[in-house]
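S.K.: So the protein lines, in turn, are chains A and B.
At position 100 of the first sequence the residue is numbered 597 (the working numbering), and the sequence of numbers has no breaks.
At position 38 of the second sequence the residue is numbered 535 (the working numbering), and the sequence of numbers has no breaks.
Beta carbons: idealized from backbone N, C-alpha and C, even for Gly.
Quick one: the structure is below, questions incoming.
2 protein chains.
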Amino acid sequence: MRPLVHPAIEDITVEGILHVLSDPVRAAIFASLAASDSARTCSNFIQMQDKEIPKSTLSQHFRMLREAGLVRSERHGVEMRNTSRCQEVEQRFPGLLGAIMQAHAAQCAERAAKEAG
Amino acid sequence: MRPLVHPAIEDITVEGILHVLSDPVRAAIFASLAASDSARTCSNFIQMQDKEIPKSTLSQHFRMLREAGLVRSERHGVEMRNTSRCQEVEQRFPGLLGAIMQAHAAQCAERAAKEAG
DNA sequence: TTCTTAGTTCACGACATTGGAACCAATAAA
DNA sequence: TTTATTGGTTCCAATGTCGTGAACTAAGAA
Numbered sequence: 498m499r500p501l502v503h504p505a506i507e508d509i510t511v512e513g514i515l516h517v518l519s520d521p522v523r524a525a526i527f528a529s530l531a532a533s534d535s536a537r538t539c540s541n542f543i544q545m546q547d548k549e550i551p552k553s554t555l556s557q558h559f560r561m562l563r564e565a566g567l568v569r570s571e572r573h574g575v576e577m578r579n580t581s582r583c584q585e586v587e588q589r590f591p592g593l594l595g596a597i598m599q600a601h602a603a604q605c606a607e608r609a610a611k612e613a614g
Numbered sequence: 498m499r500p501l502v503h504p505a506i507e508d509i510t511v512e513g514i515l516h517v518l519s520d521p522v523r524a525a526i527f528a529s530l531a532a533s534d535s536a537r538t539c540s541n542f543i544q545m546q547d548k549e550i551p552k553s554t555l556s557q558h559f560r561m562l563r564e565a566g567l568v569r570s571e572r573h574g575v576e577m578r579n580t581s582r583c584q585e586v587e588q589r590f591p592g593l594l595g596a597i598m599q600a601h602a603a604q605c606a607e608r609a610a611k612e613a614g
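Right, dumping it as structure tokens:
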């Protein structure tokens with residue numbers, strides 16, 4: 498089993514961040530991690546947006562989030578504990594994650610409104 | 498020749514914007530368009546970042562920028578005039594493009610500094 | 001040792017991206 | 001008129017990336 502790869506803060510790229518967050522599932526995972534104080538495991542996200550995400554897909558999503566520098570993962574026994582690296586990224590690219598998450602949230606609210614109305 | 502497709506402002510998505518700007522060439526094109534007052538043609542961008550972009554590739558990049566809602570293109574005779582849709586997008590997702598472009602600029606400056614030694 | 005849990009890796013099909021070659025449409029030159 | 005040129009598009013084949021089921025691993029419990 499390969500060791501977990503976490504880029505140094507200075508190796509994080511804007512392209513990488515944008516690409517990894519351009520997928521709605523990964524964006525939702527990241528939003529949830531960013532909003533929560535404590536670490537969350539991968540399997541917390543098997544149910545998302547009214548559908549099941551296969552374990553293997555989830556594993557890839559977490560790898561991509563990790564290698565883009567957005568998430569820190571640590572193995573604890575049999576499970577993985579994931580936290581966002583928001584604060585570090587905020588230092589490097591001020592305002593970026595906030596703006597993206599806000600836009601995602603706005604779009605999400607808009608869709609919910611359209612759905613209901 | 499297919500007509501040019503421009504999404505209505507309410508059909509522009511965050512995912513679409515992030516994906517299209519996660520490519521360094523497209524990000525550079527968009528930054529240049531956003532910074533310039535007047536329209537620019539496609540062929541203005543054949544030389545970018547010390548290398549040539551093939552015409553066909555450039556054409557695809559512009560199509561993607563257009564269909565994501567970031568750029569407006571109009572045929573004028575033999576050429577295309579492209580402008581950014583910054584202001585519209587700003588209305589829909591306030592702060593998003595600004596934060597992204599600022600992060601790109603910061604990264605660009607950083608790379609230039611590292612290059613210079 | 002065997003089982004369970006949580007996640008990873010592999011392999012393959014589906015889809016996206018790149019770029020050369022051929023093409024089209026508008027205008028300028030002959 | 002034709003013919004040539006310019007600016008961009010479309011087609012297609014090679015290559016790359018993504019999502020997923022099946023098989024696997026590693027840690028801890030029974």
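(1) Report the residues of the region 541-558 of chain A with a CB closer than 7 angstroms to any CB of chain B, ordered along the chain.
(2) Let me confirm a value: A505/A is counted as buried when at least 16 other C-beta atoms fall within 10 Å, else exposed. Which label applies?
(3) Tell me, please, whether the CB atom of G614/B is closer than 7 angstroms to any CB atom in chain A?
(4) Just grab the DSSP bridge partners of M561/B for me.
(5) Below 9 angstroms on C-beta distance, what does Q588/B contact in chain A?
(6) Identify every residue that forms a DSSP beta bridge with N579/B.
(7) Quickly, what does DSSP pair M598/B with across the bridge? List them, please.
(8) With respect to the alpha helix (DSSP H) encompassing A525/A, which residues constitute its N-terminal and C-terminal limits?
(9) Can you grab the Cα-Cα spacing for the pair P591/B / L567/B, in whole Å?
(10) Three or more beta-carbon pairs under 8 angstroms between the region 498-512 of chain B and the region 560-574 of chain B, yes or no?
(11) Need the endpoints of the alpha helix (DSSP H) that L515/B sits in, please.
(12) Pick from K548/B, R499/B and L562/B: whose alpha carbon is nearest that of L530/B?
M.R.: Quick answer:
(1) none
(2) exposed
(3) no
(4) DSSP lists no partner for M561/B.
(5) Going along chain A, no residue has its Cβ under 9 angstroms from Q588/B, so there is no contact; the nearest lies around 11 angstroms.
(6) R537/B and S570/B
(7) DSSP output for M598/B lists no bridge partner at all.
(8) P521 to A532
(9) 14 angstroms
(10) yes
(11) V511 to L518
(12) L562/B
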